[in-house]
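Peer 1: So our numbering is basically just the index in the sequence shown, starting at one, shifted up by 82. Ideal Cβ placement from N, Cα and C applies to all residues, glycine included. So that we are looking at the same thing, I have put the structure below in structure tokens.
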Amino acid sequence: MNTLEWTIGPVNLVDALIASGIALGIFALLVLAQRVLLNRWARFAEGTSNSIDDDLVIVLRRTQWWFLLVVGVSIGTLYFDLPAQGDQLIRSATVLALLLQAGLWSSTFLVQRLERYRLKRRETDPGSEMTLSAVGFLGRIALWSFILLLALDNLGVNVTALIAGLGVGGIAVALAVQNILGDLFASLSIVLDKPFTVGDFLIIDDLLGKVEHVGLKTTRLRSLSGEQLVFSNSDLLQSRIRNYGRMYERRVVFEIGVTYQTPRDKLEIIPAIMREAVEACEETRFDRSHFKAYGNFSLNFETVYFVLTADYNRYMDVQQAVNLHIHQRFEEEGIEFAYPTQTLFIESPAS
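Written as structure tokens, this is what we have:
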């Protein structure tokens with residue numbers, strides 16, 4: 083049989099069959115090597131305390147069969163003379179497959195590392211879950227955007243002109259949806275700057291509640307009366323926020339008044355009674371107590387102390403105990419609390 087019977091145009095069928103056999107053989111070897119490597123690496127990872135090797139096993143499991151097939155075909159064509167157009171097609175397909183596979187590997191590794199860190203920080207820092215979710219989302223967008231640009235450049239697209247065109251179009255879109263974008267950037271600011279996190283108790287103007295969720299557009303609070311409060315992120319950051327979730331201790335200032343008829347020796351022991359009442363309670367730190375001022379109907383004493391916890395219920399328990407102790411000691415000392423009264427003096431006419 084002559085050579086013409088084994089060719090179709092410029093393609094030699096014998097060379098094509100050999101190249102196909104080489105491609106399939108390499109594909110089979112790569113699949114087998116992947117399975118063997120995965121099994122051995124998985125057994126090795128089980129015996130170590132390092133989590134990185136466990137993540138690498140998961141990354142390798144994301145190796146796609148079509149990537150191995152493209153690699154096999156690319157190597158097989160080295161033994162086969164293709165036309166220039168066919169050779170360029172194989173090269174482009176190989177680069178695209180490599181970029182996609184690299185994107186899958188990188189994205190999987192990023193997600194795994196962030197997920198492990200999120201689980202590690204969940205108990206000590208619940209707010210980090212929000213941050214890590216946003217970082218992971220932005221990281222994947224940046225990764226696949228970069229891979230898309232490389233793929234388009236490989237296909238001969240003028241990436242520079244494309245980026246410039248997208249920039250002009252992006253400005254027009256931004257003007258149309260500036261309110262939504264404002265909330266999105268405010269969400270990013272909340273994630274990065276952390277003025278508050280999930281679980282914090284906030285007072286915003288005359289509204290108050292505990293943070294339940296921080297989203298891309300809105301933040302939701304649960305009020306003390308049970309209803310849900312929803313704020314747009316941009317409006318929230320423009321408000322004056324009082325964050326009680328960052329409170330480590332509570333400063334308490336209160337006044338009491340005693341009657342003007344109280345003897346001086348009794349007035350002098352009142353600051354000591356105040357100290358005694360505060361120090362009788364746990365989780366407190368006494369600061370000061372002074373005879374502050376002469377009031378309209380009372381002699382006023384001001385007392386300052388600290389409750390060494392942010393728990394509001396604990397603060398109220400302490401204040402109640404302090405008040406009861408003061409009441410008991412005043413009864414023992416014969417000191418009277420003052421309250422608004424009027425004394426009427428009637429002058430009898432001279433006889």
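In whole angstroms, what separates the C-alpha of residue 395 from that of residue 231?
Peer 2: Looking at the backbone, the Cα of residue 395 and that of residue 231 are separated by about 57 Å.
Peer 1: Where residue 419 and residue 393 are concerned, what is the direct C-alpha to C-alpha distance, given to the nearest angstrom?
Peer 2: Taking the straight line joining both Cα atoms gives about 30 Å.
Peer 1: Using a Cβ-Cβ cut-off of 7 Å (strictly less than) and excluding sequence neighbours within five positions of residue 140, which residues of its own chain qualify?
Peer 2: 190 and 194.
Peer 1: Helix or strand or just coil, what does DSSP make of residue 338?
Peer 2: strand
Peer 1: Relative to the alpha-carbon of residue 177, which residue among 148, 197 and 161 has its alpha-carbon at the smallest distance?
Peer 2: 148
Peer 1: Residue 262 and residue 338: beta carbons closer than 9 Å?
Peer 2: In this structure, residue 262 lies away from residue 338, with their beta-carbon atoms at least 9 Å apart.
Peer 1: With a threshold of 6 Å on Cβ separation, who are the neighbours of residue 83 within its own chain once the five nearest residues in sequence on each side are excluded?
Peer 2: With a pLDDT of only 44 at residue 83, under 50, the local geometry of the prediction cannot be trusted, and the value read off the model is given with reservation. Nothing meets the Cβ criterion.
Peer 1: By the DSSP assignment, the alpha helix (DSSP H) with residue 401 in it spans what residues?
Peer 2: 394-415
Peer 1: By the 10 Å Cβ neighbour count, where 16 or more other Cβ atoms means buried, how is residue 134 classified, buried or exposed?
Peer 2: exposed
Peer 1: Below 8 Å on the Cβ atoms is my contact criterion, and I expect residue 387 with residue 340 to pass it. Report the Cβ-Cβ distance as a whole number of Å.
Peer 2: Residue 387 to residue 340, Cβ: 19 Å. No contact.
Peer 1: Would residue 86 be called buried (16 or more neighbouring beta carbons within 10 Å of its own) or exposed?
Peer 2: Here residue 86 scores only 44 on pLDDT, less than 50, and its place in the model should not be relied on; the value that follows carries that caveat. Result: exposed.
Peer 1: Is residue 314 helix, strand or coil when you go by DSSP?
Peer 2: In the structure shown, the three-state DSSP call for residue 314 is strand.
Peer 1: With burial defined as no fewer than 16 other Cβ atoms inside 10 Å of the residue's Cβ, what is the status of residue 158: buried or exposed?
Peer 2: By the C-beta density criterion, residue 158 is buried, having at least 16 other C-beta atoms within 10 angstroms.
Peer 1: Report the residue from 279, 384, 322 and 320 whose alpha carbon sits nearest the alpha carbon of residue 303.
Peer 2: 279
Peer 1: Return yes when the Cβ of residue 123 is within less than 9 Å of the Cβ of residue 111, no when it is not.
Peer 2: The Cβ atoms of residue 111 and residue 123 do not sit closer than 9 Å to each other.
Peer 1: Would you call residue 109 buried or exposed, if buried means 16 or more other Cβ atoms sit within 10 Å of its Cβ?
Peer 2: With 16 or more other Cβ atoms within 10 Å, it is buried.
Peer 1: Please list, in chain order, all residues of the same chain as residue 403 whose beta carbon is under 6 Å from its beta carbon, the five residues on each side excluded.
Peer 2: 363, listed in sequence order.
Peer 1: Put residue 84 into one of helix, strand or coil per three-state DSSP.
Peer 2: Per-residue confidence for residue 84 stands at a pLDDT of 48, beneath the threshold of 50, marking its modelled position as unreliable; the derived number appears in the next sentence. Residue state, collapsed to three classes: coil.
Peer 1: Can you give me the Cβ contacts of residue 199 inside the same chain, cut-off strictly under 7 Å, excluding the 5 residues immediately before and after it?
Peer 2: 214
Peer 1: Work out the CA separation of residue 321 and residue 285 for me, nearest whole Å.
Peer 2: 10 Å
Peer 1: For residue 385, name the three-state secondary structure that DSSP assigns.
Peer 2: strand
Peer 1: With 16 as the cutoff for other CB atoms within 10 Å, does residue 315 come out buried or exposed?
Peer 2: For residue 315, the number of other beta carbons within 10 angstroms of its own is at least 16, and it is reported as buried.
Peer 1: When we look at the beta-carbon of residue 274 and count the other beta-carbons within 10 Å, is it buried (16 or more) or exposed?
Peer 2: exposed
Peer 1: Anyone know if the C-beta pair for residue 281 and residue 292 falls short of 9 Å?
Peer 2: yes
Peer 1: Does DSSP put residue 420 in a helix, a strand or coil?
Peer 2: Looking at residue 420 - three-state DSSP - the assignment turns out to be coil, as it is neither helix nor strand.
Peer 1: Mapping DSSP to helix, strand and coil, what is residue 369?
Peer 2: DSSP places residue 369 in strand when its eight states are reduced to three.
Peer 1: In whole angstroms, what separates the C-alpha of residue 179 from that of residue 283?
Peer 2: 50 Å
Peer 1: Who are the near neighbours of residue 150 in its chain, counting only those whose CB is closer than 8 Å to its CB and skipping five residues on each side?
Peer 2: Contacts found: 109, 112, 113 and 116.
Peer 1: How far does the alpha helix (DSSP H) with residue 61 in it extend, from its first residue to its last?
Peer 2: Nothing can be reported for residue 61: it is not among the residues displayed for the chain, which extend from 83 to 433.
Peer 1: Taking just the CA atoms, how far does residue 376 sit from residue 217?
Peer 2: 59 Å
Peer 1: Can you give the Cα-Cα distance for residue 390 and residue 368, rounded to whole angstroms?
Peer 2: 11 Å
Peer 1: If we ignore side chains and look at the alpha-carbon of each, how far apart do residue 385 and residue 324 end up?
Peer 2: Rounded to the nearest whole angstrom, the CA to CA distance from residue 385 to residue 324 is 24 Å.
Peer 1: Would residue 201 pass as a contact of residue 221 if the rule is Cβ separation under 9 Å?
Peer 2: no
Peer 1: By Cβ distance, which residues of its chain are closer than 8 Å to residue 383, with the 5 residues on each side in sequence left out?
Peer 2: So the qualifying residues of the chain are 337, 338, 339, 340, 352, 353, 356, 371, 372, 373 and 374.
Peer 1: Need the endpoints of the alpha helix (DSSP H) that residue 138 sits in, please.
Peer 2: 134-143
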